[in-house]
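Chemist:
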């Protein structure tokens, strides 16, 4: 099991990560996910900052996705203080299930928005998101203080037991909610990102369970698969942001009801609503 010695040097990484070769891929993929998420948030926010619906929950979800990458990257940098690495470890551990939950809320709000429009939609996710952020920050700081070092099974084991089952429940809700976007061309990336983050979260938590319980083969397998999921999720987050920017430019977001009349470059003809909801109904 990887751990830190008294001088703060990572021990156990050499055999655990194929002679330190895989760990570099892991670090690069982690920081790529973080930077991609920050860039995506900036693109979407700048595109919709004047909109009546600025997607606060979806933006929050993407920030938590970035927290996964930031935490994963920081915890494996040997030149940082062990306490900082410890906080990075718990940041990615806590950010993952919260990202699943907030993206699920974002999908629900998008469905509501497209059904009734920005004027009538009842959206309360921003307040929920602020509460979650405050609680998550306190949990990360507290766990880092109590553990003093990452990979502390005495601290992690209760958390794994308490959070894993609710995480599975919300992963199921994400997959179920994705049915609304099955025929969508404009919002297809949103459920794809949500499902990818769900699998990434399960991979992280199964990997932590394998590490705590000493299942070396399962730990190495999940850690290697995590590299692919980190990079792929980062790419999809960027594609989603660029697609939103392009759809806004050509007025498609106005047709969907997620941007206001004043924002549309050219006012499209009114689009009749169908009784059965489709995200990209025409």
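Numbering (the numbering used here), first residue to last: 4 to 285.
Ideal Cβ placement from N, Cα and C applies to all residues, glycine included.
Does the contact criterion of 3 or more C-beta pairs under 8 Å hold for the stretch 213 to 222 versus the stretch 85 to 93?
Modeler: No, because fewer than three Cβ pairs between the stretch 213 to 222 and the stretch 85 to 93 fall closer than 8 Å, the two stretches do not touch.
Chemist: Drop a sphere of 10 angstroms on the beta-carbon of residue 84, count the other beta-carbons inside from all chains shown, and report buried for 16 or more, exposed for fewer.
Modeler: Answer is exposed; the Cβ neighbour count stays below 16.
Chemist: Considering Cα atoms alone, identify which of 108, 107, 32, 204 is closest to residue 95.
Modeler: When each option's Cα is compared against that of residue 95, the closest is 204.
Chemist: On the criterion of 16 or more Cβ atoms from any shown chain inside 10 Å, does residue 261 qualify as buried, or is it exposed?
Modeler: Annotation note: pLDDT 49 at residue 261 (below 50); position unreliable, coordinate value reported separately. Burial call: buried.
Chemist: Give the secondary structure of residue 84 by DSSP, where H, G and I count as helix, E and B as strand, and everything else as coil.
Modeler: Three-state DSSP puts residue 84 in coil, outside helix and strand.
Chemist: From residue 166 to residue 176, what distance separates their C-alpha atoms?
Modeler: In a straight line, the C-alpha of residue 166 is about 15 Å away from that of residue 176.
Chemist: Let's test the definition: count the other Cβ atoms within 10 Å of the Cβ of residue 270 and tell me whether it reaches 16, buried, or not, exposed.
Modeler: The predicted model places residue 270 with a pLDDT of 46, which falls under 50 and marks its position as unreliable; any figure quoted below should be read in that light. Its Cβ having fewer than 16 others within 10 Å, residue 270 is exposed.
Chemist: State the DSSP-derived secondary structure class of residue 65, mapped to helix, strand or coil.
Modeler: Looking at residue 65 - three-state DSSP - the assignment turns out to be helix.
Chemist: Rounded to whole angstroms, what's the CA-CA distance from residue 159 to residue 100? Just pull it up for me.
Modeler: Cα to Cα, the separation comes out at about 15 Å.
Chemist: Taking contact to mean 3 or more Cβ pairs, one atom from each stretch, closer than 8 Å, check whether the stretch 23 to 43 and the stretch 226 to 244 are in contact.
Modeler: At 8 Å Cβ cutoff, the stretches touch.
Chemist: Roughly how many angstroms separate the alpha carbons of residue 64 and residue 102, rounded to a whole number?
Modeler: Looking at the two C-alpha atoms, the distance is approximately 5 Å.
Chemist: Counting only the same chain and skipping the five closest in sequence on each side, list residues whose C-beta sits under 6 Å from that of residue 33.
Modeler: These residues qualify, in order along the chain: 72, 75, 76, 233.
Chemist: Alpha carbon to alpha carbon, how far is residue 212 from residue 161? Give it in angstroms, no decimals.
Modeler: Those two C-alpha atoms are separated by around 11 Å.
Chemist: Go to residue 191, then tell me how far its alpha helix (DSSP H) extends in each direction, as first and last residue.
Modeler: Unbroken run through residue 191: none, as it is neither H nor E.
Chemist: State the DSSP-derived secondary structure class of residue 95, mapped to helix, strand or coil.
Modeler: Helix.
Chemist: Note down, in chain order, each residue of its chain lying with its Cβ closer than 7 Å to the Cβ of residue 194, except the 5 sequence neighbours on either side.
Modeler: Cβ within range, chain order: 110, 181, 184.
Chemist: Look at the alpha carbon of residue 229 and the alpha carbon of residue 79, and state the distance between them as a whole number of angstroms.
Modeler: Going by the C-alpha atoms only, they are around 14 Å apart.
Chemist: When the Cα atoms are used, what is the spatial distance from residue 42 to residue 200?
Modeler: For residue 42 and residue 200, the distance between alpha carbons rounds to 17 Å.
Chemist: Can you tell me the Cβ-Cβ gap for residue 106 and residue 61, rounded? I've got them flagged as a contact below 8 Å.
Modeler: Going by Cβ atoms, the distance from residue 106 to residue 61 rounds to 7 Å, so yes, they are a contact pair.
Chemist: So residue 210 and residue 225 are supposed to be a Cβ contact under 8 Å. How far apart are they, rounded?
Modeler: Confirmed, Cβ separation roughly 4 Å.
Chemist: Can you give me the C-alpha to C-alpha distance between residue 252 and residue 67, rounded to a whole angstrom?
Modeler: Approximately 27 Å between the Cα atoms of the pair.
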